[in-house]
Amino acid sequence: MVVDPWHFPRREFTARVLKLLGDGPGQALTLFGPRRTGKTEFLLKDLAPLAEQRRHRVIYASFWQAPLSPLAVLLHAMETSLLRGTFSDRVRRSVLGLTPTLKLSAFGAGVEAKVDLTALGGRPPDDLLVHLDDLLERVSGRSKATILLLDEVQEFARSAGNAPLVAALRTGLDRRSDRLRTVFTGSSRDGLAAMFSARRAPFFHFATPIDLPALGEAFVDHMIEVFRVVSRRTLARPGMLSAFERLHANPHFFRVLLDTLLHDPHLDVESALARVRDRIAVDLGYPATWLALTPVQRATARALAGGADRPFGRAFRRQVGDAIGESAPSPGRVQAALRRLERLGLADTSTGGWALVDPELAAWIREYDDGSR
Ligand SMILES: Nc1ncnc2c1ncn2[C@@H]1O[C@H](COP(=O)(O)OP(=O)(O)O)[C@@H](O)[C@H]1O
Ligand SMILES: [Mg+2]
């Protein structure tokens with residue numbers, strides 16, 4: 106893989122995760138981290154290279170907004186892993202080369218089967234689940250366990266039609282626990298819980314949960330240094346630390362800031378920060394999201410953005426009522442508003458009480474919403 110100078114290696118965490126996977130008693134980990142906090146970057150640029158160096162076979166599959174069914178994505182990733190090439194070649198092939206038909210290897214005696222991946226919606230056909238098991242066997246490691254990296258797996262839980270697949274996967278992994286080890290990632294705590302921690306969840310007690318550690322000063326220092334090498338300019342550390350904090354310690358947002366500074370040498374950090382935040386709002390569609398909400402939903406979101414977290418209490422409901430020019434809505438009405446925000450992925454209870462998921466959206470609402478919208 107071409108080394109990305111901007112990549113900040115999480116060395117300690119990587120070694121710890123690989124040790125857990127290689128020598129730990131557990132056969133799987135779930136790695137939680139909100140969106141754009143570096144899960145995929147960690148899997149592809151930290152964990153996979155180190156694991157390969159230690160002679161593990163590594164297989165990566167991402168279920169994030171995949172146009173194909175999870176089964177199709179999984180089969181494709183495993184079939185590609187049997188091809189020759191380096192891990193990064195195979196990832197590229199598996200991500201970019203997602204062709205609608207997949208030639209299945211060794212499907213039956215000398216018969217070559219092809220499946221149309223786009224047709225694999227809904228309930229997976231039984232013979233393909235058998236093939237999945239066969240593939241798990243063929244990719245599983247001999248002297249060293251094979252490591253499966255399954256990215257954004259909460260997508261599995263979205264549809265009940267995936268249940269047979271999830272069950273087959275669990276059995277297939279369980280039967281080869283010493284030869285196949287898995288990292289599941291997710292950006293929705295509720296979604297992960299639905300698969301791993303609810304009592305009736307298919308992977309109940311299957312995996313050890315770990316959190317992706319937050320990035321801090323070392324990350325900022327790394328970025329300042331790479332920036333200096335690339336541009337011959339030195340960014341003042343205190344200003345950059347403060348900007349990182351105001352961007353919620355989010356590596357993606359911070360790199361957009363660096364990009365902005367790189368391309369416009371005359372911009373000071375404050376102006377660049379303002380520009381980045383405008384760009385985030387546009388990129389992530391905040392205005393459109395906001396306008397698609399009803400007045401009660403907006404008022405509820407606004408109260409959450411302000412830090413209120415007991416939405417059924419009187420104070421919260423009165424605040425919502427004031428905002429929409431009515432008396433305090435019933436708890437049921439607030440509940441309905443919260444459900445809509447939850448369905449849209451805007452709010453959840455993963456931190457205990459109700460809160461907005463994206464801290465930048467919360468900041469945007471606090472700063473730009475003057476109550477007239
Ligand atoms: N360790 C890192 N070093 C440098 N940049 C990073 C790092 N982790 C994340 N980033 C930046 O943040 C962006 C989002 O990270 P990503 O791994 O896609 O998040 P997630 O998978 O959690 O949604 C990356 O594209 C990259 O620009
Ligand atoms: Mg990702």
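So in the working numbering, spot 278 of the sequence shown is number 383, and the numbers just go up one at a time. Idealized CB from N, CA, C, for every residue including glycine. Keep in mind that this is a model prediction, so the values were computed, not measured.
Contact test: residue i Cβ vs ligand 1 heavy atom, cutoff 7 Å
{"i": "residue 185", "result": "no"}
{"i": "residue 146", "result": "yes"}
{"i": "residue 357", "result": "yes"}
{"i": "residue 142", "result": "yes"}
{"i": "residue 459", "result": "no"}
{"i": "residue 353", "result": "no"}
{"i": "residue 308", "result": "no"}
{"i": "residue 121", "result": "no"}
{"i": "residue 113", "result": "yes"}
{"i": "residue 138", "result": "yes"}
{"i": "residue 360", "result": "yes"}
{"i": "residue 292", "result": "yes"}
Environment of residue i [buried if 16+ CB atoms lie within 10 Å]
{"i": "residue 260", "result": "buried"}
{"i": "residue 177", "result": "buried"}
{"i": "residue 361", "result": "buried"}
{"i": "residue 281", "result": "buried"}
{"i": "residue 161", "result": "buried"}
{"i": "residue 287", "result": "buried"}
{"i": "residue 236", "result": "buried"}
{"i": "residue 248", "result": "exposed"}
{"i": "residue 452", "result": "buried"}
{"i": "residue 122", "result": "buried"}
{"i": "residue 373", "result": "exposed"}
{"i": "residue 403", "result": "buried"}
{"i": "residue 214", "result": "Bear in mind that a pLDDT of 45 at residue 214, under 50, signals an unreliable position, so the number given afterwards is only what the model happens to contain. Under this definition residue 214 is an exposed residue."}
{"i": "residue 309", "result": "exposed"}
{"i": "residue 467", "result": "buried"}
Residue i versus residue j: straight-line alpha-carbon distance, rounded
{"i": "residue 256", "j": "residue 313", "result": "16 Å"}
{"i": "residue 478", "j": "residue 307", "result": "For residue 478, the predicted structure reports a pLDDT of 42, less than 50, and the residue's modelled location is therefore unreliable. The matter cannot be settled from this model."}
{"i": "residue 216", "j": "residue 180", "result": "Note that residue 216 has pLDDT 45, beneath the 50 cutoff, so the model's placement of it is unreliable and no number is given."}
{"i": "residue 343", "j": "residue 359", "result": "14 Å"}
{"i": "residue 156", "j": "residue 391", "result": "39 Å"}
{"i": "residue 365", "j": "residue 371", "result": "10 Å"}
{"i": "residue 278", "j": "residue 432", "result": "55 Å"}
{"i": "residue 263", "j": "residue 272", "result": "15 Å"}
{"i": "residue 300", "j": "residue 324", "result": "32 Å"}
{"i": "residue 212", "j": "residue 193", "result": "Annotation note: pLDDT 49 at residue 212 (below 50); position unreliable, coordinate value reported separately. Whole-angstrom Cα-Cα distance: 26 Å."}
{"i": "residue 274", "j": "residue 336", "result": "48 Å"}
{"i": "residue 115", "j": "residue 328", "result": "14 Å"}
{"i": "residue 153", "j": "residue 383", "result": "35 Å"}
{"i": "residue 367", "j": "residue 345", "result": "14 Å"}
{"i": "residue 414", "j": "residue 393", "result": "24 Å"}
{"i": "residue 376", "j": "residue 291", "result": "34 Å"}
{"i": "residue 441", "j": "residue 298", "result": "22 Å"}
{"i": "residue 168", "j": "residue 430", "result": "43 Å"}
{"i": "residue 229", "j": "residue 258", "result": "17 Å"}
{"i": "residue 125", "j": "residue 399", "result": "47 Å"}
Any non-hydrogen atom of ligand 2 closer than 7 Å to residue i Cβ
{"i": "residue 257", "result": "yes"}
{"i": "residue 169", "result": "yes"}
C-beta atoms of residue i and residue j nearer than 8 Å
{"i": "residue 316", "j": "residue 137", "result": "yes"}
{"i": "residue 251", "j": "residue 285", "result": "yes"}
{"i": "residue 465", "j": "residue 353", "result": "yes"}
{"i": "residue 378", "j": "residue 341", "result": "no"}
{"i": "residue 311", "j": "residue 428", "result": "no"}
{"i": "residue 448", "j": "residue 410", "result": "no"}
{"i": "residue 320", "j": "residue 269", "result": "no"}
{"i": "residue 405", "j": "residue 363", "result": "no"}
{"i": "residue 253", "j": "residue 164", "result": "yes"}
{"i": "residue 191", "j": "residue 151", "result": "no"}
{"i": "residue 187", "j": "residue 243", "result": "yes"}
{"i": "residue 381", "j": "residue 401", "result": "no"}
{"i": "residue 289", "j": "residue 142", "result": "no"}
{"i": "residue 111", "j": "residue 331", "result": "yes"}
{"i": "residue 417", "j": "residue 439", "result": "yes"}
{"i": "residue 443", "j": "residue 459", "result": "yes"}
{"i": "residue 267", "j": "residue 175", "result": "yes"}
{"i": "residue 419", "j": "residue 434", "result": "no"}
At 4 residues or longer, and completely inside the stretch 326-367: list those alpha helix (DSSP H) runs for me, N to C. 342-351
Can you list the beta strand (DSSP E) stretches of 3 or more residues lying completely in the stretch 124-188, in chain order? 133-137 and 163-167
To test your reading of the DSSP string, which unbroken alpha helix (DSSP H) runs of 4 or more residues are found completely within the stretch 372-406? 374-388 and 391-396
Contiguous alpha helix (DSSP H) assignments of at least 4 residues, all confined to the stretch 402-444: 419-429
Which ranges does the beta strand (DSSP E) cover as unbroken runs of at least 3 residues, wholly within the stretch 250-275, from first to last along the chain? 251-256
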